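Here the structure comes first, spelled out in structure tokens, and everything after it is commentary.
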DNA sequence: CCAATACATAAGCATACACTTATGTGTTGT
DNA sequence: ACAACACATAAGTGTATGCTTATGTATTGG
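Protein chains in written order, with the numbering used here: chain A, 1 to 104; chain B, 105 to 208.
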């Protein structure tokens with residue numbers, strides 16, 4: 001199930017921090033470790049989880065691997081969220097129409 | 105962390121099915137079991153997780169407990185998603201402004 | 001009252017998860 | 001070519017998760 005992978009990936013606080021860092025732009029695995037007290041293999045494993053969930057994508061550049069947010073993952077969450085548009089606060093009801101477009 | 109609870113709650117396929125059922129309207133715990141091959145305690149535990157994550161809320165009615173989608177949970181996900189508005193597909197860029205309103 | 005019903009909680013258990021250390025793979029500069 | 005670097009994978013371990021059965025709590029109809 002595609003949603004399971006996405007939500008499981010986001011259930012981990014460290015992975016959400018990584019993802020948030022990537023929201024600011026592309027970064028390689030070492031740069032992503034800065035600030036997070038985590039071993040190199042741990043980061044590599046987290047990135048693998050985020051990648052197989054479709055939340056990030058990688059781009060090799062020499063011996064570095066640059067990671068960036070994958071818009072497909074973001075869109076998946078938006079699509080999922082669209083099912084519950086009836087429960088969005090009224091003032092942003094117009095949102096439902098926009099989200100509906102994402103359902104293909 | 106509030107996001108952790110929400111994403112952990114949604115990481116379980118059974119809980120997402122429950123949540124999706126509730127999207128169709130309020131239901132009690134027994135009604136929610138229909139179709140899902142799950143014991144009564146398991147359902148009770150799942151509902152507790154969804155509730156403490158802020159995704160559903162309960163309303164006692166006699167010896168029944170009716171559950172319904174809590175808009176606050178949905179709004180939390182929307183707010184979280186708003187941080188990544190730069191990565192939404194271009195054609196729904198207008199979405200970002202609407203989501204921004206949710207940030208209070 | 002009291003039996004039946006609706007749901008919650010407790011306790012135990014198998015599995016999944018996130019972490020670690022150790023090692024492997026691929027790239028770059030010299 | 002080879003040493004240094006960036007990253008991935010393997011293997012092992014403690015803890016969290018989701019399930020079960022058993023039991024507790026609250027409400028209702030007879």
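The C-beta atom is built at its ideal place from N, Cα and C for all residues, glycine as well. These numbers come from a predicted model, not from an experiment.
Legend entry - residue 78/A burial status per 10 Å Cβ neighbour count (16 or more: buried): By one-based count along the first chain, residue 78/A stands at place 78. It is buried - the Cβ of residue 78/A has at least 16 other Cβ atoms within 10 Å.
Inset, instruction - Quick one: list the residues of chain B neighbouring residue 17/A, beta-carbon separation under 7 Å, in chain order. - result: Within the first chain, the letter at position 17 stands for residue 17/A. What residue 17/A touches in chain B: nothing, since even the nearest Cβ is about 10 Å away.
Legend entry - Limits of the unbroken alpha helix (DSSP H) element including residue 60/A: As a position in the first chain, residue 60/A is number 60, starting the count at 1. Careful: residue 60/A lies outside any alpha helix (DSSP H), inside the beta strand (DSSP E) at 56–61.
Inset, instruction - Consider the Cβ of residue 111/B: report whether some Cβ of chain A lies at a distance smaller than 8 Å. - result: Counted from its first residue, the second chain places residue 111/B at position 7. Answer yes: the Cβ-Cβ gap between residue 111/B and chain A drops below 8 Å somewhere.
Inset, instruction - Just the chain A side, please: which residues come within less than 8 Å of residue 139/B by C-beta, in chain order? - result: Reading the second chain from its first residue, position 35 is the one you call residue 139/B. Near residue 139/B there are no residues of chain A at all, since even the closest Cβ is about 17 Å away, more than 8 Å.
Inset, instruction - Give me the Cα-Cα distance between residue 179/B and residue 150/B, rounded to the nearest whole angstrom. - result: Residue 179/B sits at position 75 when you count from the first residue of the second chain. Residue 150/B sits at position 46 when you count from the first residue of the second chain. Taking the straight line joining both Cα atoms gives about 21 Å.
Inset, instruction - Determine which residues of the segment 159–175 of chain B have a Cβ less than 7 Å from any Cβ of chain A, and write them out in chain order. - result: 173 and 175
Legend entry - C-beta neighbour in chain B for residue 160/A, strict 8 Å: This structure does not reach residue 160/A, given that chain A is present from 1 up to 104, and the question cannot be answered.
Legend entry - In chain order, each alpha helix (DSSP H) run of at least 4 residues that lies wholly inside the segment 130–162 of chain B: Counting only runs that start and end inside the segment 130–162 of chain B, the alpha helix (DSSP H) elements of at least 4 residues fall at 133–137 and 144–156.
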